[in-house]
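>
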Amino acid sequence: YNLFPRKLKWQNTLVTFRITNYTPDLKKEDVDKAIHNALMTWSAVTPLKFKRLHEGIADIMISFGRLEHGDHNPFDGPEGLLAHAYPPGEGLGGDTHFDEDETWTKDSHAYNLFLVAAHEFGHALGMGHSNDPGSLMYPVYSYSHGFPLSEDDIKGIQELYGPNPDHEKVKPKPEAPDKCDPELSIDAVTELRGEKLIFKDRYFWRVHPQFTEPELTLIQSTWPQLPKKVNAAYENPEKDIVIIFSGIRMWALNGYTLVPGYPKYIHRLGFPKSVRKIDAAVHIYDTGKTLFFTDEDYWSYNEQTGTMDPGYPKSIMDGFPGMQERDGDEVDEVDAATYKNGYLYLYHENLQYEYSYNKRKVVRITRTNDLLNC
Amino acid sequence: KPVPGDETQSWLLAERYLRRYYRMQPGLLGTSKSSDVMTEKIRAMQSFFKLEVTGNLDDNTLQVMKKSRCGVPDVAE
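The listed protein sequences correspond, in order, to chains A and B. Under the numbering used here, read the first sequence as residues 1 to 374, first letter to last. Under the numbering used here, read the second sequence as residues 375 to 451, first letter to last.
1) Classify Phe422 (chain B) as helix, strand or coil using the three-state DSSP reduction.
2) Would you say Leu346 (chain A) and Ile365 (chain A) are within 8 Å of each other, going by their C-beta atoms?
3) In or out: His84 (chain A) buried (at least 16 other Cβ within 10 Å) or exposed?
4) Is the beta carbon of Leu26 (chain A) closer than 8 Å to that of Leu404 (chain A)?
5) Can you give me the C-alpha to C-alpha distance between Asn236 (chain A) and Ile243 (chain A), rounded to a whole angstrom?
6) Using DSSP's beta-bridge definition, name the partner residues of Glu195 (chain A).
7) So His84 (chain A) contacts chain B; which residues on that side make the cut at Cβ distance below 8 Å?
8) Spell out whether any CB of chain A is found under 8 Å from the CB atom of Ala388 (chain B).
9) I need the straight-line Cα distance from Leu3 (chain A) to Asp309 (chain A), nearest angstrom please.
10) Under 8 Å, do His119 (chain A) and Ser63 (chain A) count as touching if we go by C-beta distance?
11) Below 7 Å, is the gap between the Cβ of Ser108 (chain A) and the nearest heavy atom of the ligand GDP?
12) Identify the residues that DSSP records as bridge partners of Val259 (chain A): which are they?
13) Can you tell me where the beta strand (DSSP E) with Trp42 (chain A) in it begins and where it stops?
14) Identify the residues that DSSP records as bridge partners of Met250 (chain A): which are they?
15) Would you please verify whether the beta carbon of Asn373 (chain A) is less than 8 Å from any beta carbon of chain B?
16) Using a beta-carbon distance below 8 Å, is Leu425 (chain B) in contact with chain A?
17) Using three-state DSSP, classify Arg360 (chain A) as helix, strand or coil.
18) Please state if the CB of Lys415 (chain B) and the CB of Glu213 (chain A) are separated by a distance shorter than 8 Å.
19) Out of A:Cys180, A:Gly306, A:Trp104 and A:Gly342, which has the shortest C-alpha to C-alpha gap to Thr23 (chain A)?
20) Hey, quick one: how far does the beta strand (DSSP E) through Lys51 (chain A) stretch, first residue to last?
21) Since Arg206 (chain A) contacts Ile219 (chain A) with CB under 8 Å, what's their CB separation in whole angstroms?
22) How about Lys441 (chain B): is its C-beta nearer than 8 Å to some C-beta of chain A?
23) How far does the alpha helix (DSSP H) with Glu159 (chain A) in it reach, from first residue to last?
24) Would you verify that the beta carbon of Asn434 (chain B) is, or is not, closer than 8 Å to some beta carbon of chain A?
25) Which of the three DSSP states, helix, strand or coil, is assigned to Phe204 (chain A)?
26) Buried or exposed: where does Gln420 (chain B) fall if 16 or more other Cβ atoms within 10 Å of its Cβ makes it buried?
27) Is it the case that the stretch 48 to 60 of chain A contacts the stretch 6 to 19 of chain A, given that we only count it when at least three CB pairs across the two stretches are under 8 Å?
28) Which residues in chain B sit within 8 Å of Leu139 (chain A), going by Cβ to Cβ distance?
29) Does the beta carbon of Leu81 (chain A) sit closer than 8 Å to a beta carbon anywhere in chain B?
30) Taking the continuous alpha helix (DSSP H) assigned at Ser221 (chain A), which residues delimit it?
31) The alpha helix (DSSP H) with Tyr234 (chain A) in it runs from where to where?
32) Assuming Leu346 (chain A) is part of the alpha helix (DSSP H), what are its boundary residues?
33) By how many angstroms is the C-alpha of Thr217 (chain A) removed from the C-alpha of Pro224 (chain A)?
34) How would you call Glu175 (chain A), buried or exposed, if buried means at least 16 neighbouring beta carbons within 10 angstroms?
35) Quick check: the Cα distance between Arg360 (chain A) and Leu82 (chain A), rounded to an integer number of angstroms?
36) Please report the residue range of the alpha helix (DSSP H) in which Tyr391 (chain B) lies.
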């Protein structure tokens with residue numbers, strides 16, 4: 001998170017607001033509700049209280065305008081710049097303006113007024129932009145469900161105002177994972193047309209071979225239809241699709257576009273109903289088979305015939321000898337898997353196990369975040 | 375005048391973006407070359423968004439610049 005210079009904040013915990021005009025995109029009561037809920041988001045985690053004024057000058061004056069709208073800080077027509085707000089202070093301080101050339105909604109289409117308002121009120125209360133892509137105060141718009149603040153946002157606002165004395169129960173979104181955390185574990189990894197996608201919690205990193213720095217993004221800001229968390233993923237380069245697994249469902253991507261007709265149940269692949277999630281998946285392009293890992297077992301799926309190979313499932317411990325934890329215990333479950341040039345890379349917690357098909361054993365153990373050039 | 379090509383459009387987009395959100399000053403800047411200033415601002419923007427810090431207007435950087443966003447600058451005055 002970031003704060004404004006001199007940690008600008010309101011000195012009084014009772015902050016007034018006034019809605020001076022309305023957008024025709026929504027009913028008046030929907031605008032009122034969005035504004036109210038956006039303010040309540042911040043009062044839930046601080047001692048701040050908000051009082052509505054219907055006339056006169058309030059601390060936070062809220063309006064909809066387009067292009068040049070009176071503050072020499074013009075909007076830019078549809079898309080691009082959505083809204084802005086001024087840090088706490090006299091006059092313009094705290095004022096919040098929304099670009100009327102946008103389409104304001106109360107759902108996931110176009111721009112959700114509640115989410116943008118909550119972000120802007122963050123500025124009106126003293127918050128700068130965060131570079132955590134999962135934070136509400138991240139500058140780029142993305143739609144999300146549920147309580148919009150992340151732990152990062154809460155840390156920032158509480159640095160200014162302290163916690164809510166009534167200890168209201170909220171469920172903030174966790175902070176972005178740290179790629180160089182030596183204890184980093186991952187949820188899934190897959191190739192996608194030459195890039196590597198590594199999934200962790202609500203996020204994924206994109207690793208491009210020509211760039212050393214992985215790019216961290218929220219899963220749902222790229223694919224709003226996907227669930228918040230991914231269990232497994234693999235690319236079938238012959239079919240040019242990536243299959244994403246979460247729980248008992250799977251989705252298909254063609255490039256970055258979701259293939260229509262999904263999600264489908266994983267049991268279509270031949271899993272028994274007792275399998276409730278896939279832990280890891282990897283396509284072995286040399287054989288045309290895809291390996292699936294569930295609990296302590298692994299399966300081999302023939303992509304050409306669309307059926308499971310006979311004789312499966314088999315035990316991970318038996319199939320991939322040499323996977324041991326630091327205390328010497330055998331590893332019997334896998335979080336994620338990739339394959340390259342005769343080597344299978346299996347990920348369990350913060351370790352990467354390099355299994356050689358030639359030698360039929362694990363030949364190297366490194367840290368999981370080697371994947372992220374760390 | 376000639377119709378601007380894609381590269382010029384990208385440059386104009388980046389210039390507008392950096393002026394608005396990274397406080398890049400317009401016009402000549404004394405001894406600093408304007409291209410050096412722009413490179414520095416691109417680096418600041420890449421660092422903020424955790425992109426590869428190259429100072430170049432690569433595709434990833436342009437992609438971020440094209441996304442809908444808040445109008446408050448990313449860097450403090």
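Note that the Cβ used here is the ideal one computed from N, Cα and C, for glycine as well.
Reading off the structure:
1) As a first step, residue 422 (chain B) is located in the second sequence; it is residue number 48 there, counting from the start. If DSSP states are grouped into helix, strand and coil, Phe422 (chain B) belongs with the helices.
2) In the first sequence, counting from the first residue as 1, residue 346 (chain A) sits at position 346. In the first sequence, counting from the first residue as 1, residue 365 (chain A) sits at position 365. Contact: no.
3) In the first sequence, counting from the first residue as 1, residue 84 (chain A) sits at position 84. It counts as buried.
4) The structure shown does not extend to residue 404 (chain A), since chain A is modelled only from 1 through 374, so no value can be given for it.
5) Stepping through the first sequence from its first residue, residue 236 (chain A) is reached at position 236. Stepping through the first sequence from its first residue, residue 243 (chain A) is reached at position 243. Distance between the alpha carbons of Asn236 (chain A) and Ile243 (chain A): 8 Å.
6) As a working note, residue 195 (chain A) is residue 195 in the first sequence. Looking at the DSSP assignment, Glu195 (chain A) forms a beta bridge with A:Leu192.
7) Locating residue 84 (chain A) in the first sequence gives position 84, counting from the first residue. Going along chain B in sequence order, the residues near His84 (chain A) (Cβ under 8 Å) are Cys444, Gly445 and Val446.
8) Taking the first residue of the second sequence as 1, we reach residue 388 (chain B) at position 14. Using a CB distance cut-off of 8 Å, Ala388 (chain B) does not count as an interface residue toward chain A.
9) Within the first sequence, numbered from 1, the residue matching residue 3 (chain A) stands at position 3. Within the first sequence, numbered from 1, the residue matching residue 309 (chain A) stands at position 309. Straight-line Cα distance between these residues: approximately 57 Å.
10) Counting from 1 along the first sequence, the entry for residue 119 (chain A) is found at position 119. Counting from 1 along the first sequence, the entry for residue 63 (chain A) is found at position 63. Contact flag unset, no.
11) Although the ligand GDP was asked about, the structure shown includes no ligands whatsoever.
12) Along the first sequence, read from residue 1 onward, the residue named residue 259 (chain A) stands at position 259. DSSP output for Val259 (chain A) lists no bridge partner at all.
13) The residue you call residue 42 (chain A) lines up with position 42 of the first sequence. No beta strand (DSSP E) holds Trp42 (chain A); the alpha helix (DSSP H) holding it covers Lys28 to Ser43.
14) Here residue 250 (chain A) is taken as the residue at index 250 of the first sequence, counted from 1. BP columns for Met250 (chain A) point to A:Phe245 and A:Lys264.
15) Within the first sequence, the letter at position 373 stands for residue 373 (chain A). Chain B, which has no Cβ nearer than 8 Å to the Cβ of Asn373 (chain A), makes this no.
16) For this step, residue 425 (chain B) is matched to residue 51 along the second sequence. So yes, Leu425 (chain B) belongs to the interface.
17) For the purposes of this step, residue 360 (chain A) is taken as residue 360 along the first sequence, with counting starting at 1. If DSSP states are grouped into helix, strand and coil, Arg360 (chain A) belongs with coil.
18) As a first step, residue 213 (chain A) must be located in the first sequence, where it is residue number 213. As a first step, residue 415 (chain B) must be located in the second sequence, where it is residue number 41. Contact: no.
19) Taking the first sequence and counting its residues from 1, one reaches residue 23 (chain A) at position 23. The candidate whose alpha carbon is nearest that of Thr23 (chain A) is A:Trp104.
20) Here the question's residue 51 (chain A) lines up with position 51 in the first sequence. Lys49 to Arg52 is the span of the beta strand (DSSP E), which, as asked, contains Lys51 (chain A).
21) Position 206 of the first sequence, counted from the first residue, corresponds to residue 206 (chain A). Position 219 of the first sequence, counted from the first residue, corresponds to residue 219 (chain A). The Cβ separation is near 11 Å, so there is no contact.
22) Translated into the one-based positions of the second sequence, residue 441 (chain B) becomes position 67. Closer than 8 Å: yes.
23) Taking the first residue of the first sequence as position 1, residue 159 (chain A) is located at position 159. Element bounds for Glu159 (chain A): Glu151 to Tyr161.
24) The residue you call residue 434 (chain B) lines up with position 60 of the second sequence. For Asn434 (chain B), the answer is yes, since a Cβ of chain A falls inside 8 Å of its Cβ.
25) Within the first sequence, numbered from 1, the residue matching residue 204 (chain A) stands at position 204. Three-state DSSP puts Phe204 (chain A) in a strand.
26) Taking the second sequence and counting its residues from 1, one reaches residue 420 (chain B) at position 46. Gln420 (chain B) should be labelled buried.
27) Yes, they touch.
28) Taking the first residue of the first sequence as position 1, residue 139 (chain A) is located at position 139. Rather than Leu, the amino acid found at residue 139 (chain A) in this sequence is Pro. The CB of Pro139 (chain A) comes closer than 8 Å to the CB of Tyr395, Arg443, Cys444, Val446 and Asp448 in chain B, given here in chain order.
29) Position 81 of the first sequence, counted from the start, is the residue given in the question as residue 81 (chain A). Leu81 (chain A) counts as touching chain B.
30) Within the first sequence, residue 221 (chain A) is the residue found at index 221, counting from 1. It spans Ile219 to Thr222 - the alpha helix (DSSP H) in which Ser221 (chain A) sits, taken as one unbroken run.
31) Position 234 of the first sequence holds residue 234 (chain A). No alpha helix (DSSP H) contains Tyr234 (chain A), which is instead part of the beta strand (DSSP E) from Ala232 to Asn236.
32) Within the first sequence, residue 346 (chain A) is the residue found at index 346, counting from 1. Segment Tyr343 to His348 is the beta strand (DSSP E) holding Leu346 (chain A); no alpha helix (DSSP H) there.
33) Stepping through the first sequence from its first residue, residue 224 (chain A) is reached at position 224. Stepping through the first sequence from its first residue, residue 217 (chain A) is reached at position 217. Going from the Cα of Pro224 (chain A) to the Cα of Thr217 (chain A) covers about 12 Å.
34) Position 175 of the first sequence, counted from the start, is the residue given in the question as residue 175 (chain A). Counting Cβ neighbours within 10 Å, Glu175 (chain A) comes out buried, since at least 16 surround it.
35) Here residue 360 (chain A) refers to the residue found at position 360 when the first sequence is read from its first residue. Here residue 82 (chain A) refers to the residue found at position 82 when the first sequence is read from its first residue. Roughly 56 Å between the two C-alpha positions.
36) Position 17 of the second sequence, counted from the first residue, corresponds to residue 391 (chain B). Going by DSSP, Tyr391 (chain B) is part of the alpha helix (DSSP H) stretching over Asp380 to Tyr396.
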